Structures are given as structure tokens and as C-alpha cells.
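Data block below; observations after.
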Amino acid sequence: MRTILPIAVSLPLLLGAWLAVSHGSRDLARGQGSIFSGSGNCATCHTPSSDGRPDLRDENGNDVSPPTYWRSTMMANASKDPFWRAKVSAEVAANPGLQAAIEDKCAKCHAPMGRAEALASGESSFRMEQLDDDELALDGVSCTVCHQILSDNLGTPESFSGGFEISHDQTIYGPYTEPFAWPMLAMSGYEPKYGEHMNRSALCATCHTLYTDAVDASGQVVGRIAEQTPYLEWLNSSYPGSNTQCQTCHMPVQPGQIPISNTPKGLDGREPFYRHEFVGGNAFMLGMLRDHGDSLGVTAEPVHFDSTIARTRRMLQSAASLDLSPAWQGDTLAITVTVTNLSGHKLPTGYPSRRAWLELQITSADGDEVFHSGGWDADSGRLQHEAGYPAPHLEHIRSESETQVYESVMGDPDGSPTYGLLRASGYLKDNRIPPTGWLPTGPWSEDTAVHGRAASDDDFAAGDGLDRLEYRAALPDGSYHVSAWLRYQSLAPSFIDEMLTWDTADTRRFARMYEGRDMTPETIAEASLEVGASVSVEQTVPTSRATLSAFPNPAHSTVSVTGGQGAVRAFDVLGRHVATLSGMTWSLRDGSDRPVPAGIYLLVDQRGTSTLISVAR
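Numbering follows this note's numbering, in which position 483 of the sequence shown is assigned residue number 498; successive positions increment by one, without gaps.
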């Protein structure tokens with residue numbers, strides 16, 4: 016390790032920095048190892064000063080520093096996450112002979128600093144019993160983990176499942192060229208250097224591409240499953256072609272030039288400045304961490320979690336759109352629902368406990384409910400009509416007892432559904448909606464494949480990133496109100512039920528925290544419309560589906576739109592309104608006449624008909 020050199024820093028500056036990272040019993044970690052340093056040490060310089068200078072503040076003076084955003088994320092709390100701990104203990108209880116292997120593999124990405132320091136000191140593995148006595152392990156996926164990852168093997172299979180390689184020479188990689196190095200070197204012993212790979216999805220892929228082995232009753236490996244593959248799903252999409260990386264959405268750019276350190280005074284601002292939001296879709300677990308912060312030892316206050324939960328919900332609400340198209344067919348009201356995935360991976364993606372489903376309700380002109388599919392119980396979060404497990408993929412819904420559930424369902428070597436990771440050797444069902452551009456012949460198609468009935472649904476093979484299904488309700492002629500919602504749960508109740516059959520200290524603790532929580536699902540998207548009385552079949556049944564098309568796609572300068580009706584609006588991947596088109600062409604400029612950045616945009620006309628366009632620069 017390099018020798019830490021003295022530097023003249025004023026007492027008020029150090030005091031202000033200490034106050035910025037200190038929250039009483041919830042201080043950020045100050046531990047120091049042979050490889051890593053706790054987040055609190057980084058926060059000393061990388062949080063705003065107390066004297067009102069613009070360091071790490073936006074134009075309105077708000078704190079946008081990395082530690083402030085990061086401390087209430089799932090990444091910061093990766094090793095404190097009570098669901099993760101409970102699930103690890105359940106897997107160990109089911110496979111006691113593999114305890115060391117299970118705990119060590121899970122620690123690679125949930126307690127990376129503790130595990131790496133343990134191995135560097137000569138230990139053969141990291142055990143869960145070490146976790147609560149290891150400050151660095153409890154610091155989760157912290158600053159000096161990601162910023163010390165080398166670029167050497169990124170994007171290769173060797174880098175997956177926590178196979179990242181760490182610099183052992185105290186080099187900190189960042190996204191800026193020609194860093195002003197001596198203050199950090201003098202204060203911390205770490206030397207900052209430019210790392211182009213910090214802006215690439217392959218960095219995130221090291222932990223967000225995970226394979227697990229399937230074992231039989233004797234503990235012998237009999238297969239393998241891709242437990243989560245957001246990066247591979249992204250590779251098999253249109254997003255890499257527009258340079259839309261993981262960081263584009265999960266670390267959005269803060270406008271303006273931001274000084275990235277409070278030491279020394281007067282540093283020039285840097286841009287782009289990446290907000291360390293790291294939000295996905297797990298508002299449920301963030302709420303549990305907030306509400307049980309003292310017992311879990313979190314280093315964020317409730318207000319931090321509230322902010323991260325709000326960002327999480329904004330992220331979810333930018334992930335998909337819903338379009339409704341009604342038609343009378345005799346005495347039957349047919350509603351075609353189109354779900355369009357606006358994210359750069361499957362919807363939902365990640366760990367198999369996650370699921371989304373469609374809820375559709377029809378009410379009469381008097382407000383009486385006449386049809387309802389996808390209803391859920393407010394106390395348990397369960398669907399009111401659970402039609403077995405797994406729920407079949409559907410293209411037509413004719414009964415209130417049928418619900419379209421988007422999920423991945425693991426299967427054991429005998430072909431039976433399983434919730435156990437070490438019993439899973441493949442998927443019995445995976446009808447999660449692929450991203451735009453995904454093709455069954457594209458890269459990594461085997462590991463990101465559609466499984467079950469959805470594999471024969473043409474919507475999933477077209478590369479459009481959408482699913483269409485038709486609801487049919489036999490109703491008397493009249494006027495009706497139709498509402499639809501795309502609901503989401505990060506923890507499906509059935510997944511929790513199975514985990515809690517294993518009696519361990521961690522499953523019991525999770526059960527206590529889980530009991531009585533608000534089980535209201537998140538809402539990703541919603542749509543509604545009024546349907547008038549039918550006149551005749553010829554007048555009410557469209558001869559063709561309304562479509563919206565854009566050419567060229569990808570586009571570089573101008574886009575022409577066909578099939579649009581009324582005003583056409585453009586939205587970015589975060590759901591923000593970017594521009595309203597002039598006629599049926601778009602010059603790829605926003606409402607302030609500035610060129611829009613490269614990325615994926617949603618074009619929507621006044622009917623709600625939409626299409627995706629890729630802008631390349």
C-alpha cells in the first residue's frame with residue numbers, strides 16, 4: 016500500500032466534511048483494509064462542504080454527491096438485505112453439505128470487500144458468520160469495489176457471477192480524463208486514473224449476470240441455470256447500437272459542471288456528472304430497510320430511503336407503456352392490450368422472485384364492475400385467482416379467473432417447478448417481455464430465451480419489445496369504462512412462502528419484518544378509455560390494427576412518421592416528454608431546439624398508438 020502523505024487541510028473543512036457523512040449511529044463505514052477503504056473515508060472529500068460552495072451540489076444547491084445517493088440503495092445495503100440473508104440461509108438449510116460454497120459465492124457480490132480481504136489474508140472462503148463483525152463486508156457494494164475493477168476481463172464469461180478483477184495497487188478508476196490526482200493520493204493513498212470502462216455496461220455485468228449450479232439430493236452438480244441476465248438481455252437488444260448503457264438509466268447525468276470534491280477548494284466542475292442513484296424496481300425491500308434500519312444497521316436515514324423509493328417508482332413508471340384498443344364484436348366487447356417494454360432488458364428482469372401482471376377492469380356507465388381480471392388481495396398481495404403455478408402464458412383472456420402474469424419460473428432436473436436456486440436447472444416458463452431488438456437468433460439467445468407457451472407467441476419473436484393480448488367480455492350493448500394497469504412485485508408471495516418453510520434465524524427474522532407490511536403492488540403503467548355503444552359490427556370492428564411507424568430506424572438526423580393520428584409526442588427512456596413533432600417528421604431535436612442525445616425514444620400519437628425509435632449519434 017502507498018504511504019499516506021500529509022496535506023494541509025483546515026479544521027473547519029474537515030469538521031464540515033465529517034458532519035456531512037456522520038448521522039449518529041448511522042455513520043458510513045470507516046474501516047480500512049489492505050485492498051479496500053470504507054465509504055465514509057471516500058465521503059470525507061466527496062460530499063458537499065459546509066460553507067455553501069458549489070462542490071457536489073446542483074444549480075439549486077441540492078446535495079447530489081455519490082455517498083448521499085448511494086447510501087440508501089440496494090447496492091449499499093447488499094449485505095444487510097434481510098431477504099438475501101434469509102434466502103442464503105434457506106439454501107444452506109436445503110443443502111447443508113454445500114454451506115461453504117453457497118456462502119462464499121453469494122458473498123462475491125453481496126459482501127465483496129469482506130470476501131476479497133478474507134481471501135487476501137489467506138482464508139479459503141468467506142462465511143456468513145463473519146459478516147456482522149466485518150465493517151467492510153457490511154459496507155455492501157461500496158466505492159472502492161466498483162472503482163477498483165480492472166477492465167481486463169469485462170464482458171467475457173469469466174467476468175460473470177462476480178468474476179471481476181480488482182486492482183491491488185490502490186488505483187481508483189473514474190470516468191474523467193486527466194484527473195487531478197495528488198489530493199486523493201495524499202488524503203487516502205489511492206491514485207485516481209481515467210478508466211473508460213467505468214461508463215460501460217460490462218462493468219455492471221460482473222454481478223448482474225449470474226449462473227448457479229443445480230445439484231441433486233446427493234449434492235452432485237447435474238446442471239446450471241442463468242439465474243439473472245440483464246446484461247445479456249441488453250446485448251440482445253437495440254440499445255447497444257445507440258450507446259445506451261446501464262449507466263445511462265441507472266446513473267443518470269446531472270446537468271451542468273459539478274466540482275466532484277470539496278478538497279482542495281476551487282476545483283473546476285466536471286461533466287457529465289453521474290448521479291449514483293442505482294435504482295431498479297425494488298421499492299418493497301427499500302421500505303423494509305427503512306422501517307427496520309436500526310436493527311439492520313443501515314447507514315442511511317429514513318429520508319434517504321424515501322428519496323430512493325421515489326426514484327425507484329419513477330424508474331418503474333418509465334419501464335413500460337400500455338395501449339388499449341376496443342372493438343364490439345356482436346355482444347362481446349374485445350379489448351386489445353399492448354404492453355411495450357421501454358427498458359433495455361426483459362420486463363421484469365433479474366432475480367426470479369419478481370413478477371408483473373396485467374389487471375383489467377370494465378365498469379358500466381353507472382360505475383358497476385362488470386369484468387375484472389388480475390385483481391389482487393390487499394392484505395397478502397396475492398392474485399385473487401391464482402390458477403396454479405406457473406400461471407400459463409395467455410394470448411386471449413375470456414374469464415375473470417385468467418390473468419396474464421409475466422415471470423420466470425425455474426424447474427428442477429425432474430421438470431417440476433422449484434424456488435430453490437440449487438435445484439434449478441432451467442426454466443419452465445419465461446414470458447417476461449424482451450427488450451426492443453431482442454431476437455431468438457441474436458447474441459446470447461439461449462441464455463435469454465423465452466420459455467413455455469410464450470415461445471410460440473409471435474409477439475415475442477418479432478423484436479418489437481411488446482406483448483399483445485385480447486380480453487373478451489360478453490356484455491350487453493352500452494357504454495363502458497375500461498381501465499388497465501401493469502402491476503409489479505419484486506417478491507412474489509409464493510416465493511416467500513417456500514423460503515419460510517426453512518426454519519433458520521434469518522428466515523424467522525425476515526418473517527417478522529415481512530408480516531403486516533403493505534402488500535400493495537407497484538404500478539408500472541396504466542391506461543383507460545371510454546367505449547361507446549355499438550352500432551353495427553361493420554362500424555365497430557376495425558379492418559386492421561392501427562400502427563405507427565418511423566423511418567429510418569436507427570435515425571441520425573430526421574425521422575419520418577407514418578400512420579400517426581393527431582399530435583405525435585416523443586419521450587425518452589425515463590418517460591420524460593422530449594418533443595412534440597411538427598407534422599409527421601422529427602428533426603431529432605428537443606423542445607428547446609437542442610439535439611437529443613443518442614438513445615431509445617418512444618413516439619406516441621393522440622390515440623396512444625406508439626413505436627420505438629433508436630437515435631444514433
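Ideal Cβ placement from N, Cα and C applies to all residues, glycine included. As the structure is a prediction and not an experimental result, all values here were calculated from the model.
Element boundaries [alpha helix (DSSP H), containing residue i]
| i | result |
| --- | --- |
| threonine 323 | 317 to 332 |
| aspartate 338 | Unbroken run through aspartate 338 is the beta strand (DSSP E), 335 to 344; no alpha helix (DSSP H). |
| threonine 522 | 520 to 529 |
| tryptophan 197 | 197 to 203 |
| aspartate 309 | 308 to 311 |
| histidine 265 | 261 to 265 |
| isoleucine 511 | 508 to 514 |
Status (buried if at least 16 other CB within 10 Å, exposed otherwise) for residue i
| i | result |
| --- | --- |
| arginine 239 | exposed |
| threonine 382 | Strictly speaking, residue 382 in this sequence is glycine, with threonine absent from that position. Exposed: under 16 other Cβ atoms inside 10 Å. |
| glutamate 144 | exposed |
| serine 607 | exposed |
| asparagine 77 | exposed |
| proline 97 | buried |
| proline 557 | The predicted position of proline 557 is uncertain, since its pLDDT is 34 and thus under 50; no value can be drawn from it. |
| threonine 595 | exposed |
| asparagine 356 | buried |
| glutamate 286 | exposed |
| aspartate 283 | exposed |
| valine 497 | buried |
| threonine 535 | exposed |
| histidine 319 | buried |
| asparagine 446 | buried |
| arginine 3 | Outside the shown range of the chain (16 to 632) lies residue 3, about which nothing can therefore be said. |
| glutamate 211 | exposed |
| threonine 263 | buried |
| threonine 573 | exposed |
| glutamate 138 | exposed |
| arginine 456 | Note on residue identity: the sequence assigns threonine, not arginine, to residue 456. Exposed, because fewer than 16 other Cβ atoms sit within 10 Å of the Cβ of threonine 456. |
| threonine 192 | exposed |
| leucine 618 | buried |
| serine 87 | buried |
Bounding residues of the beta strand (DSSP E) (the contiguous stretch that carries residue i)
| i | result |
| --- | --- |
| glycine 238 | 236 to 243 |
| aspartate 482 | 481 to 489 |
| glutamate 415 | Premise fails: glutamate 415 is in no beta strand (DSSP E) and is neither H nor E. |
| serine 498 | 495 to 504 |
| threonine 347 | 347 to 356 |
| tyrosine 616 | 614 to 619 |
| phenylalanine 293 | Here phenylalanine 293 belongs to no beta strand (DSSP E), and DSSP marks it neither H nor E. |
| threonine 626 | 625 to 630 |
| alanine 152 | It is not in any beta strand (DSSP E) - alanine 152 carries neither H nor E in the DSSP assignment. |
6 Å CB neighbourhood of residue i in its chain, flanking five on each side removed
| i | result |
| --- | --- |
| asparagine 258 | Ala613 |
| aspartate 521 | Arg100, Ala101, Ser104 |
| alanine 122 | Arg130, Phe141 |
| serine 431 | none |
| proline 317 | Arg305 |
| valine 107 | Gln114, Ile117 |
| arginine 41 | Thr314 |
| tryptophan 500 | Glu374, Thr538, Glu541 |
| histidine 38 | Caution is warranted here: a pLDDT of 45 is assigned to histidine 38, below 50, making its placement in the model unreliable, and no coordinate value can be reported. |
| threonine 159 | Phe51, Ser52 |
Neighbourhood of residue i by C-beta distance below 8 Å, restricted to the same chain and skipping five residues each side
| i | result |
| --- | --- |
| glutamate 417 | Ser388, His400, Ala402, Leu409 |
| phenylalanine 288 | Val79, Val268, Gln269, Gly271, Gln272, Ile273, Ile275 |
| aspartate 346 | Ala489, Leu490, Pro491, Asp492 |
| tyrosine 495 | Leu348, Ile377, Thr378, Ser379, Ala380, Val385, Glu545, Val546 |
| lysine 95 | Leu153, Gly155, Leu304, Leu311, Gly312, Val313 |
Close Cβ partners of residue i (< 7 Å) along its chain, the five nearest in sequence each way excluded
| i | result |
| --- | --- |
| glycine 112 | Gly234 |
| proline 508 | Ser395, Gly396, Arg397 |
| threonine 555 | Unreliable positioning characterises threonine 555 in this predicted model, as indicated by a pLDDT of 34, which lies under 50. The coordinate reading is nonetheless provided below. Correct list, in chain order: Ala342, Trp343, Ser549. |
heavy atom of the ligand PLP below 6 Å from residue i C-beta
| i | result |
| --- | --- |
| asparagine 356 | As presented, the structure is devoid of all ligands, the ligand PLP included, so that no description of it is given. |
Contact with chain D by residue i, beta-carbon distance below 7 Å
| i | result |
| --- | --- |
| aspartate 533 | No chain D is present in this structure, which holds just one protein chain. |
*Whole runs of the beta strand (DSSP E) within the stretch 427 to 456, excluding any shorter than 3 residues*: 441 to 445
*Starting from the N-terminal side, write out each stretch of the alpha helix (DSSP H) that is 4 residues or longer and does not extend beyond the stretch 47 to 128.*
54 to 58, 81 to 85, 97 to 109, 114 to 125
*contact_flag[the stretch 402 to 415, the stretch 318 to 338] where n(CB pairs < 8 Å) is 3 or more*: no
*Where in the stretch 562 to 591 do unbroken runs of the beta strand (DSSP E), each at least 3 residues long, occur, reported from the N-terminal end onward?*
Counting only runs of 3 or more, we get 564 to 566, 574 to 577, 584 to 586.
*asked:* Three or more C-beta pairs under 8 Å: does that hold for the stretch 293 to 304 against the stretch 267 to 274?
replied: Contact fails: fewer than three Cβ-Cβ distances are below 8 Å.
*Evaluate contact between the stretch 486 to 493 and the stretch 286 to 295, counting only Cβ atoms and requiring at least three cross-stretch pairs below 8 Å.*
no
*Could you say if the stretch 172 to 181 and the stretch 145 to 156 meet the contact criterion of at least three C-beta pairs nearer than 8 Å?*
As far as the Cβ criterion goes, the stretch 172 to 181 does not touch the stretch 145 to 156, which means the pair count is below three.
*asked:* Going residue by residue through the stretch 154 to 226, where are the continuous alpha helix (DSSP H) segments of at least 4 residues, counting only ones entirely within it?
replied: 158 to 161, 197 to 203, 216 to 223
*Quick one: any contact between the stretch 575 to 582 and the stretch 538 to 545, if contact means 3 or more CB pairs under 8 Å?*
no
_Using 8 Å as the cut-off, can you tell me whether the stretch 327 to 342 makes contact with the stretch 616 to 628, which would need three or more C-beta pairs spanning the two stretches below that distance?_
yes
*If you pair each beta-carbon of the stretch 197 to 205 with each one of the stretch 221 to 231, do three or more pairs fall below 8 Å?*
no
*asked:* Counting beta carbon pairs with one atom in the stretch 62 to 72 and one in the stretch 178 to 197, are three or more of them shorter than 8 Å?
replied: no
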